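Residue numbers (the working numbering), protein chains in the order written: chain A, -9 to 326; chain B, -9 to 326.
Ideal Cβ placement from N, Cα and C applies to all residues, glycine included.
Note that this is a predicted model, so its numbers are computed, not measured.
Worksheet: the structure to be examined is printed underneath.
Below you can see the structure in the form of structure tokens.
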């Protein structure tokens, strides 16, 4: 798949195996018998069942979690949508690579690896207010960079993160377009802009929405008003689906491409759960549409996969809680 | 302090050092300069500041977290308030000690130790419906068992858990009495009882509330309708306050004694934050009174310190995020 097309996505998903219902049922039964009142840790039981289904394993485990962070620059920063200069994107890429970023610490606590993938630092996309962010060639590049990153991973749980100064603007545009919402409902304060700057951001997203009013295909929406790291996350998510690797969703920007995938073909996102709900108002709307209840709700708004990574220890624990704690029968001996 | 008396508690707290505002301010300043947008991880910054204040350390750390679980039996189980037989309390004590309980796994994920302290397994308290749960001697014993457990710990973050079949009934009674609420508002479903059993539990708590209507001192309330593990948690919480060890609060039962302490003398609980909000309706009321916003809200209802322990990695990460991630100046070099 090289062009933004739902038909091509659906074709690709035809070859993808379904989730393993038997492994899921096995873990569900075991969870109900474990040495604690049934349902006392129901949310964690559900997490373990989810991991079992997508790992196709009766012993679900988070032994090799990994964050893959896609970084890119955005033409729309020329409009002054961010409180930070675009050069910060490249600098942060260096911080990820040298293990000195916030995600580095969160990943260490979670026992996870971090990989940063440059999908367009120093090569800003088109200014989504007036032109397509990504043409077909650039879309295909970013999409395959996402797929390749996952194909080269041996992770058993994946978190996709992003870094790109200005990228709450494409996230807001994609979210508004997919949900049929106004820019005012999906534009937040990003890294910390004031009322005036926010009003300008709303106007830019409004112009973009008018510009693409004729676009029907959700993946074309992603190309028109998204960004290279958003497209890479879409490709990575689909590759994880094909390989049956569960994906824990980060915040607003990482969720926008998943929203587009869901609108295109729901099967593309069946393996996704929400790590956290961010402070951005549009993220709440996106999670509602996806029907996902986040594990954390702490108003985090950093990106870098940080919110999802903060939730990874809960998934690790959930898997260990159903595999390592004995059942009542194992602990007390079988009933006569 | 051997008898349940607010005067004695206030006397004890006179000797307790205040939180370290300078260490807290240092960490706050550093958090604002760190290589991420100011406030992007505000909830985690606040956690680190809290730990710094009570560890009196400019480098807050969760290197030795510990769960101390107090286990006891309850006379009120004779009324059939629980779905499980009272003998389960002792069996679970064995599971904690052998590292085979749910808390054992959650603690391993969090890098924490677990200690179980027997404060009355096989020695049920009085039936709170008709008589004081703990007389003065028993209160003093449990209180000092709690204090001693903390005095013997080298933890830098503490979580207090409980195990005691039937103990949502004393939790509901204490919570209702302290908050001036009805039994109907504070009695939930515990480990999983039906409507009929819940109605019976409400009636029992109502009788207890009438019986102690004349009791004014919150610590006397705790003795009258609490339980040995609840009193031990109160003593442990106060000892942690005296030693300036931050305490992360578990669920409904562990919160009830903290509610009583808060009503007696708020200084006793200044060092406490909420780990999670449980599925029990009374827990929401208790956290509101304490003014605490929980880190997790996952409808967990196991006890054993499990909900708070699930949140410990967030506190660990919060401390590392302010101490290990460079500031903008450290990363980019000082501005000219």
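- Per DSSP, residue 50 of chain A lies in no beta strand (DSSP E) segment and is marked neither H nor E.
- When 7 Å is used as the limit between beta carbons, residue 79 of chain A is near no residue of chain B, the shortest such separation being about 13 Å.
- The Cβ neighbour count for residue 151 of chain B, taken over all protein chains shown within 10 Å, is at least 16; the residue is labelled buried.
- With a beta-carbon spacing of about 48 Å, residue 241 of chain B and residue 323 of chain B fall beyond the 8 Å limit used to define contacts.
- Residues of chain B whose Cβ lies closer than 7 Å to the Cβ of residue 306 of chain A are, in chain order, 99.
- Within the DSSP secondary-structure output, residue 317 of chain B pairs in a beta bridge with B:24.
- The beta carbon of residue 292 of chain A is closer than 7 Å to those of 92 in its chain, skipping five residues each way along the sequence.
- In the three-state scheme derived from DSSP, where H, G and I count as helix and E and B as strand, residue 261 of chain A is classed as coil.
- Not a single CB atom of chain B sits nearer than 8 Å to the CB of residue 87 of chain A.
- Burial is judged here by how many other beta carbons sit within 10 angstroms of a residue's own beta carbon; residue 88 of chain A has fewer than 16 and is exposed.
- Using beta-carbon distances, residue 289 of chain A counts as an interface residue toward chain B, with a partner under 8 Å.
- Under the 8 Å criterion on CB atoms, residue 314 of chain A is classed as interfacial with respect to chain B.
- At a cut-off of 8 Å between beta-carbon atoms, residue 111 of chain A makes no contact with chain B.
- For residue 140 of chain B, the enclosing alpha helix (DSSP H) starts and ends at 126 to 141.
- Per DSSP, the unbroken alpha helix (DSSP H) holding residue 78 of chain A starts and ends at 77 to 87.
- Along the segment 161 to 190 of chain B, the positions whose C-beta sits under 7 Å from a C-beta of chain A are 181, 182, read in chain order.
- Ranked by Cα distance from residue 132 of chain A, the first of A:8, A:247, A:175 is A:247.
- Near chain B, meaning a CB-to-CB distance below 8 Å, the residues of the segment 26 to 38 of chain A are 26, 27, 28, 29, 30, 31, 32, 33, 34.
- Residue 86 of chain B places its beta carbon 8 Å or farther from that of residue 109 of chain B.
- Not a single C-beta of chain B is nearer than 8 Å to the C-beta of residue 143 of chain A.
- Not a single C-beta of chain B is nearer than 8 Å to the C-beta of residue 20 of chain A.
- By the Cβ rule, the segment 296 to 314 of chain B counts as touching the segment 41 to 50 of chain B, because three or more pairs are nearer than 8 Å.
- Listed in chain order, the beta strand (DSSP E) runs fully inside the segment 215 to 252 of chain A are 237 to 239, counting runs of at least 3 residues.
- Taking a cut-off of 8 Å on C-beta distances, the segment 113 to 122 of chain B touches the segment 59 to 70 of chain B, as three or more cross pairs fall below it.
- Contact of residue 95 of chain B with chain A by beta-carbon distance below 8 Å involves 307, 310, 311, 314, 315.
- Using a CB distance cut-off of 8 Å, residue 296 of chain B counts as an interface residue toward chain A.
- Contact annotation: the segment 0 to 11 of chain B touches the segment 42 to 57 of chain B, with at least three C-beta pairs closer than 8 Å.
- For the set B:193, B:84, B:205, the Cα lying nearest the Cα of residue -5 of chain B is the one of B:205.
- Contact between the segment 137 to 149 of chain B and the segment 220 to 235 of chain B is present: three or more C-beta pairs spanning the two stretches fall below 8 Å.
- Between residue 303 of chain A and chain B, the shortest Cβ-Cβ separation is below 8 Å.
- About 19 Å separates the beta carbons of residue 249 of chain B and residue 285 of chain B, which is beyond the 8 Å limit, so they are not a contact pair.
- According to the DSSP secondary-structure assignment, residue 103 of chain A is paired through a beta bridge with A:56.
- If you ignore the 5 residues before and after residue 106 of chain B, its C-beta comes within less than 7 Å of the C-beta of 59, 61, 83, 86, 87, all in its own chain and listed in chain order.
- Residue nearest to residue -7 of chain A within the set A:235, A:209, A:245 is A:209 (criterion: CA-CA distance).
- Residue -3 of chain A counts as exposed, since fewer than 16 other beta carbons sit within 10 angstroms of its beta carbon.
- In this structure the segment 162 to 178 of chain A does not touch the segment 72 to 79 of chain A; the number of beta carbon pairs closer than 8 Å is below three.
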